[in-house]
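Numbered by our numbering, the letters in the sequence shown go through residues 27 to 387 in order.
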Amino acid sequence: MRNISLLSILLLSTLATPQKMYACSCMGYQDQEQQNIASYTSADVVIQGSVISEEEKGHSIIYTVSVEKTWKGQADAYIEVETSNNSAACGILIPTNESMVIFLNRYDNSYHTGLCSGTVPATSEKLITWLSNYNDSTEVEVQPKVDCSPYICNNGDQHPSCTKEGHQIQYIVNPCKFSDNEKEEVQVEDNTFEDVSSSHPNAKAINFVRNEGIVKGYDDGTYRPNQTINRAEFIKIIIASNFTQEAIDNCESEDLFSDVHQSDWFADYVCIGKNDNVISGYDDGSFGPEKPVNFAEAAKIVVNAFTIHTNPEDQKLSVWWKPYVFALSRIGGLPPSFTDPNQLLTRGEMAEIIFRVMTGM
């Protein structure tokens, strides 16, 4: 009842007397739990992210936010957030390069936040814990920002990279091959492994890497597509896809990693990878050859090995894996099964990435 009375007083006082000055007045709550629930349920989108730029337009400030986590709704890697430039109108000043939890309402085709929305610095551990517990089952992964720059061919032809709705077109082959009305299909011979059926989502990619001599499978005739792959196996396959065997055999380095020795079967591949800045290892000087590789690590290795272009603006982001995951996304190099940069890579997904990169660049 106290909350309703406060709101009624505010509304009546506004109607009774013409106001020349006004101030932002937020609803009062009995406790923090009640406020968190109200902020969350009234928001269309709840994100955690950092402001990377701001622009003042009329009576508004437009913040460009790099999204680190999405607690409710859906958000791109970058999102524009609008607020009033006047605190009396409930505008909120958001500091640059400081992680914030931002509660957003969507109207007029844009996202808005304000002093009463619940937006606070992400240093509020109680709020982070509350969001994790309250919304654990509906958390949504951040979708990489789509680059809709057209593909430009050597003959001057241009091909769209996005649909009219802004969804990225994932070409299986280089779109320039569609020039002059000559459409080409990537033909892959059906030469599969015993445990890879034609219905497997990565079957075509697995056949491709086998036909190209990139993988041989196991001695029992299987490929084990759903098995995770470790860092030693992954670097071996990626390096073998990009370098001649002679270059690999002749690689010399006395400074590999603390856990990689010259006698290891994968040492020559690690040598090439380190010398050509494909890999850098961990801060403690180790490589972790037996550790399962995740999508973030795989994206960095693939982008470096295949010299895939990264957006300079992405390099400014505080999250190390984003430039590499975004670069793969822009060329359609991510398999449909990708959901999380920490997701462990399977052998089937590894084949899918190689297939997409080698046939679609």
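By construction, the Cβ of each residue, glycine as well, lies at the ideal position given by its N, Cα and C atoms.
Can you tell me whether residue 132 is buried or exposed? The criterion is at least 16 other CB atoms within 10 Å of its CB, across all chains shown.
Working through the sequence shown from its first residue, we reach residue 132 at position 106. Classification of residue 132: exposed, given that the 10 Å Cβ count is below 16.
Would you mind listing the alpha helix (DSSP H) stretches within the stretch 60–98 that are 4+ residues and don't spill past its ends, in chain order?
Fully enclosed alpha helix (DSSP H) runs of 4 or longer: not present.
For residue 274, collect the residues of the same chain with a Cβ closer than 6 Å to its Cβ; drop the 5 residues on either side in sequence, then sort them by chain order.
Reading the sequence shown from its first residue, position 248 is the one you call residue 274. In chain order, 294 and 298 place their CB closer than 6 Å to the CB of residue 274, counting only its own chain and leaving out the 5 sequence neighbours on each side.
Apart from the five residues just before and just after residue 62, which ones in its own chain have a Cβ nearer than 6 Å to its Cβ?
Taking the first residue of the sequence shown as 1, we reach residue 62 at position 36. Answer for residue 62: 156, listed in chain order.
Hey, could you find the ends of the alpha helix (DSSP H) residue 153 is sitting in?
Taking the sequence shown and counting its residues from 1, the one referred to as residue 153 is at position 127. Where residue 153 is concerned, the enclosing alpha helix (DSSP H) stretches over 151–160.
Taking the continuous beta strand (DSSP E) assigned at residue 105, which residues delimit it?
For the purposes of this step, residue 105 is identified with residue 79 of the sequence shown, where counting begins at 1. 104–110 is the span of the beta strand (DSSP E), which, as asked, contains residue 105.
Mark residue 245 as exposed unless 16 or more other C-beta atoms lie within 10 angstroms of its C-beta, in which case mark it buried.
The residue given as residue 245 occupies position 219 in the sequence shown. Label assigned to residue 245: exposed.
Could you compute how far the alpha carbon of residue 381 sits from the alpha carbon of residue 237?
The residue given as residue 381 occupies position 355 in the sequence shown. The residue given as residue 237 occupies position 211 in the sequence shown. Each residue's alpha carbon lies about 11 Å from the other.
Euclidean distance between Cα positions of residue 75 and residue 150:
Counted from its first residue, the sequence shown places residue 75 at position 49. Counted from its first residue, the sequence shown places residue 150 at position 124. One C-alpha to the other measures close to 13 Å.
My guess is that residue 130 and residue 113 are in contact by the Cβ rule of under 8 Å, so how many angstroms apart are they, rounded?
By 1-based counting over the sequence shown, the position of residue 130 is 104. By 1-based counting over the sequence shown, the position of residue 113 is 87. With 8 Å as the limit, residue 130 and residue 113 do not qualify as a contact, their Cβ atoms being about 18 Å apart.
Residues in its own chain within less than 7 Å of residue 139 by CB, not counting five upstream and five downstream?
Numbered from 1 along the sequence shown, position 113 holds the residue referred to as residue 139. Closer than 7 Å at Cβ, skipping near neighbours: 107, 109, 118, 128, 129, 130 and 145.
In terms of residue numbering, what span does the alpha helix (DSSP H) encompassing residue 267 cover?
Counting from one through the sequence shown, the residue named residue 267 turns up at place 241. Per DSSP, residue 267 belongs to the alpha helix (DSSP H) from 257–268.
Give, in chain order, every unbroken run of the alpha helix (DSSP H) that is at least 4 residues long and sits entirely within the stretch 311–353.
321–331 and 338–341
Nearest-angstrom Cα distance between residue 355 and residue 57?
Position 329 of the sequence shown, counted from the start, is the residue given in the question as residue 355. Position 31 of the sequence shown, counted from the start, is the residue given in the question as residue 57. Rounded to the nearest angstrom, the two C-alpha atoms are 43 Å apart.
Extent of the continuous beta strand (DSSP E) run through residue 132
Within the sequence shown, residue 132 is the residue found at index 106, counting from 1. Run containing residue 132: 126–133, per the beta strand (DSSP E) assignment.
According to DSSP, simplified to helix, strand and coil, what is residue 222?
Within the sequence shown, residue 222 is the residue found at index 196, counting from 1. Coil.
So, with DSSP's three-state summary, where would you put residue 58?
For the purposes of this step, residue 58 is taken as the residue at position 32 of the sequence shown. Three-state DSSP puts residue 58 in a helix.
Segment limits, alpha helix (DSSP H) that includes residue 137:
Indexing the sequence shown from 1 puts residue 137 at position 111. Following the DSSP letters along the chain, one finds residue 137 in no alpha helix (DSSP H) but inside the beta strand (DSSP E) bounded by residues 136–138.
Under a three-way DSSP split, which group does residue 385 fall into?
As a working note, residue 385 is residue 359 in the sequence shown. Reduced to three states, the DSSP call for residue 385 is helix.
Less than 8 Å between the CB atoms is what I'm expecting for residue 90 and residue 104, so what's the real figure, rounded?
Taking the sequence shown and counting its residues from 1, one reaches residue 90 at position 64. Taking the sequence shown and counting its residues from 1, one reaches residue 104 at position 78. Yes, residue 90 and residue 104 are in contact; Cβ-Cβ is about 6 Å, under 8 Å.
Hey, how far is the Cα of residue 72 from the Cα of residue 66?
By 1-based counting over the sequence shown, the position of residue 72 is 46. By 1-based counting over the sequence shown, the position of residue 66 is 40. Straight-line Cα distance between these residues: approximately 7 Å.
Which residue's Cα is closest to the Cα of residue 263: 288, 374 and 280?
Locating residue 263 in the sequence shown gives position 237, counting from the first residue. It is 374 whose Cα lies nearest to the Cα of residue 263.
Output the distance between the C-alpha atoms of residue 223 and residue 341, rounded to the nearest integer angstrom.
Position 197 of the sequence shown, counted from the first residue, corresponds to residue 223. Position 315 of the sequence shown, counted from the first residue, corresponds to residue 341. Cα to Cα, residue 223 sits roughly 40 Å from residue 341.
Looking at residue 243 and the ligand ZN, is the gap between the Cβ and the nearest heavy atom below 7 Å?
For the structure depicted, the ligand ZN is absent and the ligand set is empty, with no information on it obtainable.
Let me check one thing: in DSSP terms, what residues is residue 147 bridge-paired to?
Working through the sequence shown from its first residue, we reach residue 147 at position 121. 126.
Around the Cβ of residue 338, are there at least 16 other Cβ atoms within 10 angstroms (buried) or fewer (exposed)?
Taking the first residue of the sequence shown as position 1, residue 338 is located at position 312. Exposed: under 16 other Cβ atoms inside 10 Å.
What does DSSP give as the partner residue(s) for residue 372 in the beta ladder?
Taking the first residue of the sequence shown as position 1, residue 372 is located at position 346. 254, per the DSSP bridge assignment.
What does DSSP give as the partner residues of residue 241 in its beta bridges?
Counting from one through the sequence shown, the residue named residue 241 turns up at place 215. DSSP, once it has assigned bridges, lists no residue as partnering residue 241.
Beta-bridge partners of residue 283, as assigned by DSSP
Position 257 of the sequence shown, counted from the first residue, corresponds to residue 283. Looking at the DSSP assignment, residue 283 forms a beta bridge with 286.
Assigned exposure category for residue 284 - 16 Cβ within 10 Å defines buried
Numbered from its first residue, the sequence shown carries residue 284 at position 258. Exposed, because fewer than 16 other Cβ atoms sit within 10 Å of the Cβ of residue 284.
Less than 8 Å separating the beta-carbons of residue 353 and residue 383?
As a first step, residue 353 must be located in the sequence shown, where it is residue number 327. As a first step, residue 383 must be located in the sequence shown, where it is residue number 357. No; because the gap between Cβ atoms is not below 8 Å, this pair is not in contact.
Where does residue 355 sit, in a helix, a strand or coil, going by DSSP?
Against the sequence shown, residue 355 aligns to sequence position 329. Reduced to three states, the DSSP call for residue 355 is helix.
Roughly how many angstroms separate the alpha carbons of residue 231 and residue 312, rounded to a whole number?
Against the sequence shown, residue 231 aligns to sequence position 205. Against the sequence shown, residue 312 aligns to sequence position 286. Approximately 31 Å, taken between the alpha carbons.
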